[in-house]
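Q: In the numbering used here, the protein residues as written are 4 to 275. Backbone N, C-alpha and C fix where the C-beta goes; we use that ideal spot for every residue, glycine too. Before we start, here is the structure in question, set down as structure tokens.
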């Protein structure tokens, strides 16, 4: 029987509680959540959790750039070393190196800043997006997802959005200065079919995340409904690029995402 929402979210929260080691932090993902290979979004969240352990007071994560180097397996410790690259009055930067069984699996840079008053602009949330209560929702791990699907193709067969969905955690998150950002980072990898070559009509087999960039413009509460709009920018050279935008329920653009994937036709060996 699938766990209820509180249990599913609690299991992820517990897995994100890293323990201090001699040279950094360590933790692992239970293999019974998604199987033997750990979902990339969790690895990103794990690394963000490590980076925020010594985040400067009064500053929040505003960007990250990560490279997936090898698959991460469950029930095996992931060790994180966090190095300070910059400690300025406004900006602070960290480098996170993740290793499993002595092998590098992720390299990520993070930047922290305090929000200040300034000019404000954002593109509006797309019009005509169905409300989450009007879309059939399904559970996926700690997430409740109301998947809308792509927009209708134009006369040339192009889609303005290749993946649209509402999402939120299946239970409220504990109060923690950085936990909402950690779960938001997790959700940025929920690009799913948005990265697919369109002619495969939804076949996501053979799609592997290579690198991942996120900009956190405003704080976002992932335990409330959030809208994720993903666009496939290009498929070329065996790779794909998607851009994504996350909006709060009241239409504020809070997060931007860029993700490059390796696109291998299903049945061929995936290079590493």
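Where are the alpha helix (DSSP H) runs, 4 residues long or more, that stay fully inside the segment 138-194, in chain order?
A: 182-190
Q: Exposed or buried, what is residue 133 when buried is set at 16 or more other beta-carbons lying within 10 Å of its beta-carbon?
A: Counted from its first residue, the chain shown places residue 133 at position 130. Counting Cβ neighbours within 10 Å, residue 133 comes out exposed, since fewer than 16 surround it.
Q: Using 8 Å as the Cβ pair cut-off and three pairs as the minimum, do the segment 120-135 and the segment 94-101 touch?
A: no
Q: Tell me, please, which residues DSSP counts as bridged to residue 219.
A: Counting from one through the chain shown, the residue named residue 219 turns up at place 216. According to DSSP, which records beta bridges pairwise, residue 219 is partnered with 258.
Q: If contacts are defined as beta-carbon pairs under 8 Å, then residue 197 and residue 260 qualify, I think. What distance do you get, rounded to the angstrom?
A: Locating residue 197 in the chain shown gives position 194, counting from the first residue. Locating residue 260 in the chain shown gives position 257, counting from the first residue. Residue 197 to residue 260, Cβ: 10 Å. No contact.
Q: Reducing DSSP to helix, strand and coil, say where residue 56 ends up.
A: Position 53 of the chain shown, counted from the first residue, corresponds to residue 56. Correct three-state label for residue 56: helix.
Q: Roughly how many whole angstroms lie between the Cα atoms of residue 219 and residue 64?
A: By 1-based counting over the chain shown, the position of residue 219 is 216. By 1-based counting over the chain shown, the position of residue 64 is 61. Their backbone Cα atoms lie some 7 Å apart in a straight line.
Q: Could you give the DSSP three-state label for residue 87: helix, strand or coil?
A: For the purposes of this step, residue 87 is identified with residue 84 of the chain shown, where counting begins at 1. Of the three classes helix, strand and coil, the one that applies to residue 87 here is strand, per DSSP.
Q: How would you write the range of the beta strand (DSSP E) that residue 99 sits in, first residue to last?
A: As a first step, residue 99 must be located in the chain shown, where it is residue number 96. Element bounds for residue 99: 94-103.
Q: How long is the line joining the alpha carbons of residue 19 and residue 178, rounded to whole angstroms?
A: Against the chain shown, residue 19 aligns to sequence position 16. Against the chain shown, residue 178 aligns to sequence position 175. When rounded, the distance between both Cα atoms is 14 Å.
Q: Compare the beta carbon distance of residue 29 and residue 80 with 8 Å and say whether it is the shorter of the two.
A: Against the chain shown, residue 29 aligns to sequence position 26. Against the chain shown, residue 80 aligns to sequence position 77. Yes, these two residues count as a Cβ contact at 8 Å.
Q: Restricting to Cα atoms, I'd like to know which of 114, 145, 213, 154 is closest to residue 62.
A: For the purposes of this step, residue 62 is taken as residue 59 along the chain shown, with counting starting at 1. Nearest C-alpha to residue 62: 114.
Q: DSSP three-state label for residue 24, please.
A: Looking up residue 24 in the chain shown gives position 21. Note: residue 24 maps to coil in three-state DSSP.
Q: Under 8 Å: do the segment 47-58 and the segment 180-192 share three or more Cβ pairs, one atom per stretch?
A: Taking 8 Å as the limit for Cβ pairs, the verdict is that the segment 180-192 does touch the segment 47-58.
Q: Rounded to the nearest angstrom, what separates residue 210 and residue 86 at their Cα positions?
A: As a first step, residue 210 must be located in the chain shown, where it is residue number 207. As a first step, residue 86 must be located in the chain shown, where it is residue number 83. Using only the alpha carbons, I get a separation of about 31 Å.
Q: Return yes when the Cβ of residue 45 is within less than 8 Å of the Cβ of residue 189, no when it is not.
A: For the purposes of this step, residue 189 is taken as the residue at position 186 of the chain shown. For the purposes of this step, residue 45 is taken as the residue at position 42 of the chain shown. In this structure, residue 45 lies closer than 8 Å to residue 189 by Cβ.
Q: Report yes if the CB atom of residue 43 is closer than 8 Å to the CB atom of residue 192, and no otherwise.
A: Here the question's residue 43 lines up with position 40 in the chain shown. Here the question's residue 192 lines up with position 189 in the chain shown. Closer than 8 Å, so yes.
Q: Taking only the alpha-carbon atoms, compute the straight-line gap between residue 138 and residue 146 and give it to the nearest angstrom.
A: Along the chain shown, read from residue 1 onward, the residue named residue 138 stands at position 135. Along the chain shown, read from residue 1 onward, the residue named residue 146 stands at position 143. Taking the straight line joining both Cα atoms gives about 15 Å.
Q: Could you tell me the boundaries of the alpha helix (DSSP H) in which residue 12 lies?
A: To locate residue 12, count along the chain shown from 1; it is residue 9. Per DSSP, residue 12 belongs to the alpha helix (DSSP H) from 8-18.
Q: On a CA-only basis, which of 123, 24, 174, 117 is nearest residue 92? Give me that one, please.
A: Sequence index remark: in the chain shown, residue 92 carries index 89 (1-based). Per the Cα distances, 117.
Q: Report the partner residues of residue 82 according to the DSSP bridge assignment.
A: The residue given as residue 82 occupies position 79 in the chain shown. According to DSSP, residue 82 bridges with 29, 102.
Q: Is it right to say residue 106 is buried, meaning 16 or more other beta carbons lie within 10 angstroms of its own, or is it exposed?
A: The residue labelled residue 106 in the question sits at position 103 within the chain shown. Exposed, because fewer than 16 other Cβ atoms sit within 10 Å of the Cβ of residue 106.
Q: In three-state DSSP terms, what is residue 263?
A: Indexing the chain shown from 1 puts residue 263 at position 260. Looking at residue 263 - three-state DSSP - the assignment turns out to be strand.
Q: Between residue 153 and residue 173, which are expected to be in contact by the criterion C-beta below 8 Å, what is the C-beta distance as a whole number of angstroms?
A: Against the chain shown, residue 153 aligns to sequence position 150. Against the chain shown, residue 173 aligns to sequence position 170. So it is not a contact: roughly 25 Å between Cβ atoms.
Q: Which residue wins for smallest C-alpha separation from residue 225, given the options 163, 32, 17, 251?
A: Your numbering for residue 225 matches position 222 in the chain shown. Measuring from the Cα of residue 225, the nearest candidate turns out to be 251.
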